[in-house]
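Asker:
Residue numbers (this note's numbering), protein chains in the order written: chain D, 15 to 489; chain B, 15 to 489.
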């Protein structure tokens, strides 16, 4: 395919994409296929000779679409949202065309510099403390990671490296493996599975701090475990607080936890993967109070800020902590500007070496929506969640299982877990809407997350009357 | 921006992309900017109100392009190639539109299933042993990772987890941290920095095995170190072989190393990040002989197989090894088909949780080029490297520093390192072409990697006469 054919095919694809989004609610949100459906629809081997583009394109509807879960359908209420917008898609086209690999400043200066500045813009939108911004002389700064899982892992590894250096400074005879064997990291018992996984990868003990009746970690709970662990000769070094947990969008009490971590020299990382986007609205910004105690902070614009996946924004107060954990400098990656204070080589900030020009998506989205447009998007979706909450509350058969703070409603039928499992099974088997469950204090709970940008009040009303109808059939 | 405006803007962007690629050689390959250039060109904060698309687009040439290193310019010969093709870009547009997050089968069955089948297609193109294919009943299979760095890390972590279980089966009293403190992993002294970094992340000792005069690890060299380490009470558990090293595209002798690793129960991972694409050509496939001894294998279609970044293909012989290292199952990620043998939940195969629908790129590229078209691309670029090699060899002032096997030529002026450093500095400061150096056996060497899809014989001839001219000025 040459550039001339790309001009034609690219424009056809733009229309296909626009058609897909404009008509997405006509598609069944969750597919009917059984495992293994796809293999029999296509050949067993790649073709020897090139095929025509027409043949490829007609297979999109024949092979792919029947097996797609439509995350951007207004009938999709599962997991958490994944962001999607036209400006982000345009930026991604440009990103693919430039196709640079921005592992160092020299590998493509624009790729690195736009990222640093966009993370400053975003940090200012969130009113992050100055320490987290790069500016021209800051010691902190932001970086785009692929996912929150990677951000948590990077933070844990940086903390691990820092505590080892700190202990070895006083006790040069203590080996790294000896120190690691005593380290202990903490998170909420509601934290995402990726936090536990980060501990597993880093080879350190990971303990879950019990949450209160609102699924939130309070200072006293952390303090108790810290005392026990110190007494047992362990070395607490890392606490991952969650703002907006996956099961119920609960918030750890970082104004209490932060001072404890600071006093005990424990790295506090804040994972606000979903909720973070809401902090651009003044009315939700108090949820981030306590951020000043954190060493690192992360949230996913690719969840709720209209920036297509992947784009997980992470900030650190001291870039030297994160860089120090990984820095390696083979000759083929060195460049003239290496030593300059202005230069950032993002490869030292992340697990992979290669990286795409993802800041273009942030730039396009921030400018095409403006801060007000992005705030409007958050407020609209919170409003839809509140609307769903009222519908649930008005029905005596149901109960709300956790405070509705942002765009997630946790609810259930009053009654047994079995009953609620059956209700969810029916909902998902009818395939009109799609939900996933969670477990809260031993109870099986249904999660209703407002996801698609195209979700309107009528969809929420429709979803509720459907759920209510299925419940009536069941009861 | 609504769908109607996206139709218009998307088509304009398609033309911009086509124009960019068609005229890329008119742009200076390496930018003139100084560190910090970008910040002063744009506002300090995101706009409150939405801007017009025209304003955003005109900033591409004003703000971005002056700072881009043009990796797809035919004058770019630095690092290794990063792939770029029109079919891959079309597939990426579709990927963005569907915008699903394929962490589990249920989260979008097509996303998972196309990936499994495409990795089988690609495995067959490489003539991988049957063990590595998923088929319908295989115990192995392939996965798309973001980068080779992640693939190496995943392999090392799986190996770490496997050896711990193995040792604890015989010695239930030995703690995990005690075992980890004795573990030792190996790679070539020419291995990529990401391999050493994987050891650092995994918290295990990593040793570099000395290479021979062809920069290749031979069996005897590994054997010697293994004997010493076993005698010292260490536990060898992982060897990362490289096929096509970054400095000089050297090949570790896996036909010798493989049987040693198998006999010693050491996990052998093969990193063929760059070279792997060439193995689709029968004449280069012998370089992969010995693959039958490996536990895992990885290469980057996003380097040399015309699939835009990111797309790093990894296969394992036993999927249970890799899954066992990480599996976590919170309720919100469980689904009905979990237990079926046909279902793959790729989140257990990788570091991040989220993942894009990247197999679409493979599908489009394989079909639009056909195996023959892809082989032609590899052969053309190897031919261009051979052409450059002949030019160097015909000039008595220069020497070739390593065998030219694929698309990389390592060369230098006969003489001091300083002289060669000066030559490279001049080449890069003139900015007509762009190269990076490497170090081989203490010598400062220039690397000429054939990168862009658009590179033709005339560009290589022009590059050589430019280098030759600068050398004459210098000498």
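Ideal Cβ positions, reconstructed from N, Cα and C, are used throughout, including at glycine.
Does chain D have any CB closer than 8 Å to the CB of residue 2 of chain B?
Answerer: Since the first residue of chain B shown is 15 and the last is 489, residue 2 of chain B is not available in this structure.
Asker: For the alpha helix (DSSP H) that contains residue 176 of chain B, what are its first and last residues?
Answerer: The residue you call residue 176 of chain B lines up with position 162 of the second chain. Start and end: 162-184.
Asker: If you run the structure through DSSP and keep just helix, strand and coil, what is residue 60 of chain B?
Answerer: For the purposes of this step, residue 60 of chain B is identified with residue 46 of the second chain, where counting begins at 1. Residue state, collapsed to three classes: coil.
Asker: What do you get for residue 386 of chain B, buried or exposed, if any count of 16 or more other CB atoms within 10 angstroms of its CB means buried?
Answerer: Walking along the second chain from the start, residue 386 of chain B turns up at place 372. Flag for residue 386 of chain B reads exposed.
Asker: Do you know offhand how far residue 66 of chain D's Cα is from residue 476 of chain D's?
Answerer: As a position in the first chain, residue 66 of chain D is number 52, starting the count at 1. As a position in the first chain, residue 476 of chain D is number 462, starting the count at 1. Answer to the nearest angstrom: the Cα atoms are 43 Å apart.
Asker: If we count the other Cβ atoms within 10 Å of its Cβ and call it buried at 16 or more, is residue 444 of chain B buried or exposed?
Answerer: Counting from 1 along the second chain, the entry for residue 444 of chain B is found at position 430. Flag for residue 444 of chain B reads exposed.
Asker: Given a cut-off of 8 Å, decide if residue 128 of chain B and residue 374 of chain B are closer than it, judged by their beta-carbon atoms.
Answerer: Translated into positions along the second chain, residue 374 of chain B becomes position 360. Translated into positions along the second chain, residue 128 of chain B becomes position 114. Yes, these two residues count as a Cβ contact at 8 Å.
Asker: Go ahead and pull the three-state DSSP assignment for residue 256 of chain B.
Answerer: To locate residue 256 of chain B, count along the second chain from 1; it is residue 242. The answer is strand: DSSP assigns residue 256 of chain B an E or B state.
Asker: Where does residue 470 of chain D sit, in a helix, a strand or coil, going by DSSP?
Answerer: Locating residue 470 of chain D in the first chain gives position 456, where the first residue counts as 1. Coil at residue 470 of chain D, not helix or strand.
Asker: Who pairs with residue 338 of chain D in a beta bridge, going by DSSP?
Answerer: The residue labelled residue 338 of chain D in the question sits at position 324 within the first chain. Residue 338 of chain D is not bridged to any residue.
Asker: When you compare the stretch 302-318 of chain B with the stretch 113-126 of chain B, are there three or more beta-carbon pairs, one atom per stretch, that lie closer than 8 Å?
Answerer: The stretch 302-318 of chain B vs the stretch 113-126 of chain B: no contact.
Asker: Compare the C-alpha of residue 465 of chain D against each of D:453, D:90, D:63 and name the closest.
Answerer: The residue given as residue 465 of chain D occupies position 451 in the first chain. Ranking D:453, D:90, D:63 by Cα distance to residue 465 of chain D puts D:90 first.
Asker: Tell me whether residue 86 of chain B sits in a helix, a strand or coil according to DSSP, three-state version.
Answerer: One-based indexing of the second chain puts residue 86 of chain B at position 72. Coil.
Asker: With distance defined between alpha-carbon atoms, name the residue in D:489, D:261, D:367, D:401 nearest to residue 348 of chain B.
Answerer: Taking the first residue of the second chain as position 1, residue 348 of chain B is located at position 334. Of the candidates D:489, D:261, D:367, D:401, the one whose C-alpha sits nearest the C-alpha of residue 348 of chain B is D:261.
Asker: Taking buried to mean at least 16 other C-beta atoms within 10 Å of its own C-beta, is residue 37 of chain B buried or exposed?
Answerer: One-based indexing of the second chain puts residue 37 of chain B at position 23. Label assigned to residue 37 of chain B: exposed.
Asker: Could you work out which residue in D:327, D:397, D:398, D:350 is closest to residue 363 of chain D when comparing CA atoms only?
Answerer: Position 349 of the first chain, counting from 1, holds the residue named residue 363 of chain D. Per the Cα distances, D:327.
Asker: Would you check if there are 3 or more beta carbon pairs closer than 8 Å linking the stretch 181-195 of chain D to the stretch 181-201 of chain B?
Answerer: Verdict: yes, contact present.
Asker: Once the 5 residues before and after residue 268 of chain D are set aside, which same chain residues still bring their CB inside 6 Å of it?
Answerer: For the purposes of this step, residue 268 of chain D is identified with residue 254 of the first chain, where counting begins at 1. So the list reads 255, 304, once near-sequence residues are dropped.
Asker: Report the option in B:419, B:412, B:446, B:488 whose CA atom is closest to the CA atom of residue 459 of chain B.
Answerer: In the second chain, counting from the first residue as 1, residue 459 of chain B sits at position 445. Here the closest residue by C-alpha is B:412.
Asker: Along the chain, which unbroken stretches of the beta strand (DSSP E) at least 3 residues long are found entirely within the stretch 194-244 of chain B?
Answerer: Whole beta strand (DSSP E) segments, 3+ residues: 197-202, 219-223.
Asker: Does the Cβ-Cβ distance between residue 45 of chain B and residue 82 of chain B come in under 8 Å?
Answerer: Stepping through the second chain from its first residue, residue 45 of chain B is reached at position 31. Stepping through the second chain from its first residue, residue 82 of chain B is reached at position 68. For residue 45 of chain B and residue 82 of chain B, yes; Cβs fall inside 8 Å.
Asker: Name the residues in the stretch 178-201 of chain B whose C-beta lies less than 8 Å from a C-beta of chain D; which are they?
Answerer: From the stretch 178-201 of chain B, only 189, 190, 191, 192, 194, 195 have a Cβ closer than 8 Å to chain D.
Asker: Answer with buried or exposed for residue 16 of chain D, where buried requires no fewer than 16 other C-beta atoms within 10 angstroms of its C-beta.
Answerer: Here residue 16 of chain D corresponds to residue number 2 of the first chain, with the count starting at 1. Burial call: exposed.
Asker: Taking contact to mean 3 or more Cβ pairs, one atom from each stretch, closer than 8 Å, check whether the stretch 20-36 of chain B and the stretch 20-29 of chain D are in contact.
Answerer: The answer is yes - the stretch 20-29 of chain D touches the stretch 20-36 of chain B, with three or more Cβ pairs under 8 Å.
Asker: Just reading off the alpha helix (DSSP H) that residue 389 of chain D is part of, what are its end residues?
Answerer: For the purposes of this step, residue 389 of chain D is identified with residue 375 of the first chain, where counting begins at 1. That run of the alpha helix (DSSP H) goes 373-407.
Asker: Do the CB positions of residue 113 of chain B and residue 391 of chain D come within less than 8 Å of each other?
Answerer: Reading the second chain from its first residue, position 99 is the one you call residue 113 of chain B. Reading the first chain from its first residue, position 377 is the one you call residue 391 of chain D. Taking 8 Å as the Cβ cut-off, residue 113 of chain B and residue 391 of chain D do not qualify as a contacting pair.
Asker: Within the 8 Å Cβ cut-off, does residue 310 of chain B reach chain D?
Answerer: As a working note, residue 310 of chain B is residue 296 in the second chain. By this cut-off, residue 310 of chain B is not an interface position.
Asker: Output needed for residue 93 of chain B: all residues of its chain with C-beta closer than 7 Å, excluding positions within five of it in sequence on either side, in chain order.
Answerer: As a working mapping, residue 93 of chain B is identified with position 79 in the second chain. Closer than 7 Å at the Cβ level, and outside the excluded window around residue 93 of chain B, lie 450, 463.
Asker: Please classify residue 224 of chain D as buried or exposed, where buried requires at least 16 other C-beta atoms within 10 Å of its C-beta.
Answerer: Locating residue 224 of chain D in the first chain gives position 210, where the first residue counts as 1. The residue in question, residue 224 of chain D, is exposed, as its Cβ has fewer than 16 Cβ neighbours within 10 Å.
Asker: Could you work out which residue in D:311, D:105, D:338 is closest to residue 165 of chain D when comparing CA atoms only?
Answerer: Residue 165 of chain D sits at position 151 when you count from the first residue of the first chain. Among D:311, D:105, D:338, the Cα nearest to that of residue 165 of chain D is on D:311.
Asker: Along chain D, which residues have their Cβ under 8 Å away from the Cβ of residue 357 of chain B?
Answerer: Taking the first residue of the second chain as 1, we reach residue 357 of chain B at position 343. Those within 8 Å of residue 357 of chain B in chain D are 49.
Asker: So with Cβ pairs under 8 Å, would you call residue 267 of chain B a contact of chain D?
Answerer: The count along the second chain starts at 1 and reaches residue 267 of chain B at position 253. Output row for residue 267 of chain B: interface = no.
Asker: Would you mind reading off the limits of the alpha helix (DSSP H) that contains residue 370 of chain B?
Answerer: Position 356 of the second chain, counted from the first residue, corresponds to residue 370 of chain B. Here residue 370 of chain B belongs to no alpha helix (DSSP H), and DSSP marks it neither H nor E.
Asker: Determine, using beta carbons only, whether residue 200 of chain D and residue 252 of chain D come nearer to each other than 8 Å.
Answerer: Residue 200 of chain D sits at position 186 when you count from the first residue of the first chain. Residue 252 of chain D sits at position 238 when you count from the first residue of the first chain. Closer than 8 Å, so yes.
Asker: Residue 273 of chain B by DSSP, collapsed to three states: which one?
Answerer: On the second chain, residue 273 of chain B is found 259 positions in, with the first residue counted as 1. Residue state, collapsed to three classes: helix.
Asker: Under 8 Å between beta-carbons, which chain D residues line up against residue 437 of chain B? List them in chain order, please.
Answerer: The count along the second chain starts at 1 and reaches residue 437 of chain B at position 423. The premise fails here: residue 437 of chain B is roughly 15 Å from chain D at the closest Cβ pair, so nothing lies under 8 Å.
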